[in-house]
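Student: So the sequence shown is numbered by the numbering used here: it starts at 2 and just counts up by one.
Sharing a structure here in C-alpha cells format.
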Amino acid sequence: MNRFNSLLKPFQIWEQWKDSKGFFPTPYEQIGMSEEVQEEFTDYEHALAELEEELGIVEEDIFELENQRDKLYREIRELKEEHERFKRDKLNRWVTSVKMFNEKE
Numbered sequence: 002m003n004r005f006n007s008l009l010k011p012f013q014i015w016e017q018w019k020d021s022k023g024f025f026p027t028p029y030e031q032i033g034m035s036e037e038v039q040e041e042f043t044d045y046e047h048a049l050a051e052l053e054e055e056l057g058i059v060e061e062d063i064f065e066l067e068n069q070r071d072k073l074y075r076e077i078r079e080l081k082e083e084h085e086r087f088k089r090d091k092l093n094r095w096v097t098s099v100k101m102f103n104e105k106e
C-alpha cells in the first residue's frame with residue numbers, strides 16, 4: 002500500500018494546489034518558476050522554435066546544393082570523357098594522315 006501511496010503523491014500535491022489556487026498549475030508553476038522567468042523561458046522556447054525552423058530550411062538548401070554538386074560532378078566527368086575521346090580521335094586522324102602521307106612517298 003505504501004508504494005501505491007507514493008505513486009499517488011504527485012497527483013495529491015496537484016489537487017492540493019488546485020484546491021488552494023482555484024485552478025490547475027501550469028508546468029512553470031509546478032516547478033516554482035516566477036512569472037518573469039516563465040516569460041523569459043517562453044521567449045527562449047519561441048526563439049528555439051524559430052531556429053529549428055530555420056535549420057530545416059538550411060538543411061533543405063544543403064540537400065539541394067549537394068544534388069547540384071553531384072550533377073556538376075557528373076557533367077565534369079562526361080566532359081572529361083568527351084575531351085579524351087576528342088584527343089584520341091584527333092590523334093588517330095593525325096596518325097592516319099601521316100600514314101597516308103608516308104604511303105604516297
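Using N, Cα and C, we set each Cβ at its ideal position, and we do this for glycine too.
Computed from a predicted structure; not experimentally measured.
Do you know how far the Cα of residue 100 is from the Cα of residue 71?
Tutor: To locate residue 71, count along the sequence shown from 1; it is residue 70. To locate residue 100, count along the sequence shown from 1; it is residue 99. Taking the straight line joining both Cα atoms gives about 43 Å.
Student: I need the straight-line Cα distance from residue 82 to residue 68, nearest angstrom please.
Tutor: Against the sequence shown, residue 82 aligns to sequence position 81. Against the sequence shown, residue 68 aligns to sequence position 67. Residue 82 and residue 68: Cα-Cα distance of roughly 21 Å.
Student: In whole angstroms, what is the alpha-carbon distance linking residue 76 and residue 102?
Tutor: Position 75 of the sequence shown, counted from the first residue, corresponds to residue 76. Position 101 of the sequence shown, counted from the first residue, corresponds to residue 102. Straight-line Cα distance between these residues: approximately 38 Å.
Student: Is residue 98 helix, strand or coil by DSSP?
Tutor: Position 97 of the sequence shown, counted from the first residue, corresponds to residue 98. In this structure, residue 98 counts as helix in the three-state DSSP scheme.
Student: Take residue 91 and list the residues in its own chain whose beta-carbon comes closer than 6 Å to its own, dropping the five residues that flank it on each side.
Tutor: On the sequence shown, position 90 is the one that residue 91 refers to. Contacts found: none.
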